[in-house]
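Under our numbering, the first residue of the sequence shown is numbered 7, with each subsequent residue one higher. For glycine and all other residues, C-beta sits at the position ideal for the given N, C-alpha and C. All values reported here derive from a predicted model rather than from experimental measurement. To start, the structure under review is shown below, and the notes come after it.
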Amino acid sequence: MTEKSLTELSSCVKSSVKENLDKIFSHAKPKGVTVMAATKTVPPEIINYAITECGLKNIGENRVQELLEKYDRLFLDEVNLHFIGTLQPNKVKYIVGKVCLIHSLDSIKLASEISKRSLAKEIVTDVLCEVNIGNEAAKGGISEEAAEEFIKTASEFEGIRIRGIMVIGPHCENKEDYRPFFERTKSLFDNLSSKGLFGEKPILSMGMSDNYDLAIEYGATIVRPGSAIFGNRV
Ligand SMILES: *Cc1c(COP(=O)(O)O)cnc(C)c1O
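In structure tokens, the structure reads:
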């Protein structure tokens, strides 16, 4: 591809990113919901455009390797960086201190490692407990039934603060089919919050490209759209 056509392609991508984000903000902002863009596979140039020109304030990566590759090229002074993917305990050391919130706490071993690495840096790391709300064998996360006990145990580690829960949930062809999952997640979240497990301002991270508006209806405080902003991943 010639340089000119690359530039044209890039400006075309950018204008649709702005349009897409404006639409998502129009759902989220009136309700005070945080829009965290899932930026896996998206080049830093496009992410930085969304930050500087479209008002994007939160981004999330789901692979440690990719996060580290992009890290120095992102305009991080103006954005909060989240970690949203499955996290191996041996990779924790690379991201503690770099991310504002880890959405995917799913084992005591991981809690222990985040604790250790945070204490070494004299910081407290905010985390969410990932709950496997659909009880899907292929997905990570703590079962709905075990969540309360898990959160109580993990909360005993110093250097981490459990702020709420994150769910990915099953993929449904029909949007209406997400409702029962969101409803169950919201009632679990309310129940755990009311017991004071998450401190002040509990966080419910729920909703992706095909259902973020529905998730907002069910009380999500953070939504995580990716392809609805940047287009389908190749
Ligand atoms: C990729 C990803 C998203 C965004 O998915 P889309 O379908 O592109 O909106 C949200 N959350 C997590 C954990 C992801 O890995």
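- Contact between the segment 221-230 and the segment 34-45 is present: three or more C-beta pairs spanning the two stretches fall below 8 Å.
- In this structure, Thr45 sits near Ile65, with a CB-CB distance shorter than 8 Å.
- Taking 7 Å as the cut-off, one finds no heavy atom of ligand 1 near enough to the beta carbon of Met212.
- Where Glu136 is concerned, the enclosing beta strand (DSSP E) starts and stops at Thr131 to Glu136.
- Every alpha helix (DSSP H) stretch that sits fully inside the segment 187-229 and reaches 4 residues is listed by chain position as 218-223.
- Within a 10 Å sphere around the beta-carbon of Asn217 sit 16 or more other beta-carbons, which makes this residue buried.
- Judged by the Cβ position, Lys115 fails to qualify as a neighbour of ligand 1 at the 7 Å threshold, every heavy atom of the ligand being at least this far.
- Here Asn54 is buried: its Cβ has 16 or more other Cβ atoms, across all protein chains shown, within 10 Å.
- Beyond the five residues adjoining it in sequence on each side, Asn141 comes within less than 8 Å, by CB distance, of Ser149 and Glu150 in the same chain, given in chain order.
- If you check the C-beta of Asn86 against ligand 1, you find no heavy atom less than 7 Å away.
- Cβ-Cβ separation between Ser110 and Glu75: approximately 19 Å, too far for a contact (criterion under 8 Å).
- For Lys76, the Cβ stays outside the 7 Å cut-off from all heavy atoms of ligand 1.
- Here DSSP, grouped into helix, strand and coil, assigns Thr159 to helix.
- A contact is defined here as three or more CB-CB pairs under 8 Å, and the segment 162-175 meets this definition with respect to the segment 208-216.
- In this structure, Gly232 has its CB closer than 7 Å to one or more heavy atoms of ligand 1.
- Linking Glu72 to Arg239 through their CA atoms gives a straight-line distance of about 15 Å.
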